[in-house]
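Engineer:
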Amino acid sequence: SVSGGEDEDAPTGVTYEDIGGLDEELDLVREMIELPLSEPEVFAHLGVDPPKGVLLHGPPGTGKTLIAKAVATEVDATFITISGPEIMSKFKGESEEKLREKFEEARQNAPAIVFFDEIDSIAGKRDDGGDVENRVVGQLLSLMDGLAARGDVIVIGATNRVDSLDPALRRGGRFDREIEIGVPNEVGRREILEVHTRRMPLAEDVDVDRLAARTHGFVGADLESLAKEAAMTALRRARRGGETISFGELEVTREDFEAAMASVEPSAMREYVAEA
Ligand code: ATP
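Sequential numbering from 175 applies to the sequence shown in UniProt numbering.
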């Protein structure tokens with residue numbers, strides 16, 4: 175049986191409030207997904223097929239998964255994750271079977287969002303792939319073509335490597351829209367930092383604006399690490415202090431963030447160093 179697969183379909187609890195920046199991107203996604211899932215009749219009324227899917231592309235840790243989960247929460251849709259690498263590790267024939275099962279599960283639990291993480295790993299260019307890869311791409315295409323015109327099942331694909339996707343997947347009728355989820359700018363970083371510090375007891379000397387200005391190149395996942403690291407630094411400081419600081423009074427200070435800045439690097443930088 176598949177390990178842990180079922181839990182992934184449980185409600186995620188992620189909402190739009192958990193997303194920093196990405197206002198325009200989110201609007202584009204919502205426009206494509208909320209209406210078909212909540213009021214599919216509108217499309218029949220207009221005489222057009224509802225959208226079938228959206229492709230989100232951009233660097234790791236920028237919020238693609240977050241967006242997909244948040245939309246599912248907001249429209250009260252079942253959220254079904256398919257991890258590309260996990261599907262591809264199945265024995266021959268099992269990958270296609272697994273795909274069919276997931277789409278069937280979605281249909282039965284509609285409205286539903288089928289989220290493909292790292293879709294490039296299952297739907298790479300067919301010329302480049304072997305036999306298994308080709309059959310899996312073919313299966314995915316036919317499943318997407320078969321999505322009922324009802325519009326109550328929507329596919330969201332996420333990839334860091336949009337150029338390596340099979341072109342057939344990018345033609346009309348499959349993903350209706352491709353949306354780039356890029357590295358956040360200063361304003362975006364500020365909003366993301368706010369999300370990740372909003373439940374934190376921040377000391378008065380913490381300047382989130384300034385942190386946003388100093389974290390060029392940090393994506394959402396990096397900023398989350400930064401906030402967590404600052405909190406852990408505060409905790410260590412308090413424990414060193416022994417009895418003198420009670421946890422109830424503990425605040426995360428500017429100095430804690432300084433220490434975190436010294437240990438958390440933007441992921442783009444890590445990749446760069448790794449490749450050099
Ligand atoms: P990958 O390509 O690695 O799957 P992704 O783009 O899907 O990356 P997410 O899984 O959405 O990235 O982000 C990882 C974590 O980083 C999130 O759980 C969240 O805590 C944080 N994060 C990323 N982007 C944002 C954002 N825009 N706002 C708030 N938090 C974010």
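Glycine included, each C-beta is placed from N, C-alpha and C at the ideal position.
1) Identify, in the order they occur along the chain, each residue of the same chain with its Cβ nearer than 7 angstroms to the Cβ of residue 370, setting aside the five sequence neighbours on each side.
2) Got a sec: does ligand 1 put a non-hydrogen atom nearer than 6 angstroms to the Cβ of residue 236?
3) Give a single yes or no on whether residue 227 has its beta carbon closer than 6 angstroms to a heavy atom of ligand 1.
4) In the DSSP assignment, what are the bridge partners of residue 230?
5) With a threshold of 6 angstroms (Cβ to nearest heavy atom), would residue 195 be considered close to ligand 1?
6) Just checking, does the region 369 to 385 make contact with the region 246 to 264 on the three C-beta pairs under 8 angstroms criterion?
7) Relative to the C-alpha of residue 358, which residue among 199, 336, 186 and 225 is closest?
8) Which of the three DSSP states, helix, strand or coil, is assigned to residue 361?
9) Taking the straight line between their C-alpha atoms, what separation do you get for residue 119 and residue 239?
10) Alpha carbon to alpha carbon, how far is residue 321 from residue 336?
11) In chain order, which beta strand (DSSP E) runs of at least 3 residues are fully inside the region 237 to 271?
12) Short of 6 angstroms in beta carbon distance, which residues of its chain neighbour residue 331, apart from the five on each side in sequence? Order them along the chain.
13) Under a Cβ-count criterion, where at least 16 other Cβ atoms within 10 Å of its own Cβ denotes burial, should residue 348 be classed as buried or exposed?
14) In or out: residue 327 buried (at least 16 other Cβ within 10 Å) or exposed?
15) What did DSSP end up calling residue 369 once you bin it into helix, strand or coil?
16) Applying the criterion that 16 or more other CB atoms from any shown protein chain within 10 Å of the CB defines a buried residue, is residue 389 buried or exposed?
17) Is the CB-CB distance between residue 408 and residue 430 below 7 angstroms?
18) Is it a yes or a no for the region 362 to 377 touching the region 277 to 287, going by three-plus beta-carbon pairs under 8 angstroms?
19) Restricting to Cα atoms, I'd like to know which of 231, 325 and 432 is closest to residue 206.
20) I'd like the span of the beta strand (DSSP E) that includes residue 288, first residue to last.
21) When we look at the beta-carbon of residue 219 and count the other beta-carbons within 10 Å, is it buried (16 or more) or exposed?
22) So, residue 313 versus residue 343, is the Cβ gap smaller than 7 angstroms?
23) Once the 5 residues before and after residue 296 are set aside, which same chain residues still bring their CB inside 6 angstroms of it?
24) If I measure Cβ to Cβ from residue 276 and keep anything under 7 angstroms in the same chain, skipping five residues before and after, which residues do I get?
25) Could you check if residue 356 belongs to the surroundings of ligand 1, using beta carbon to heavy atom distance under 6 angstroms?
26) Ordered along the chain, which non-local residues of its own chain (more than five positions away) have a Cβ less than 8 angstroms from that of residue 424?
27) Taking residue 404 as part of the alpha helix (DSSP H), name the residues at either end of that continuous run.
28) So what does DSSP say about residue 216, is it helix, strand or coil?
Structural biologist: The short version:
1) 397, 398 and 401
2) yes
3) no
4) 332 and 353
5) yes
6) no
7) 199
8) helix
9) Since the first residue shown for the chain is 175 and the last is 450, residue 119 is missing from the structure and cannot be characterised.
10) 23 angstroms
11) 252 to 257
12) 229, 290 and 293
13) buried
14) buried
15) helix
16) buried
17) yes
18) no
19) 325
20) 286 to 291
21) exposed
22) no
23) 258, 261, 262 and 310
24) 254, 256 and 288
25) no
26) 375, 408, 409 and 412
27) 394 to 414
28) helix
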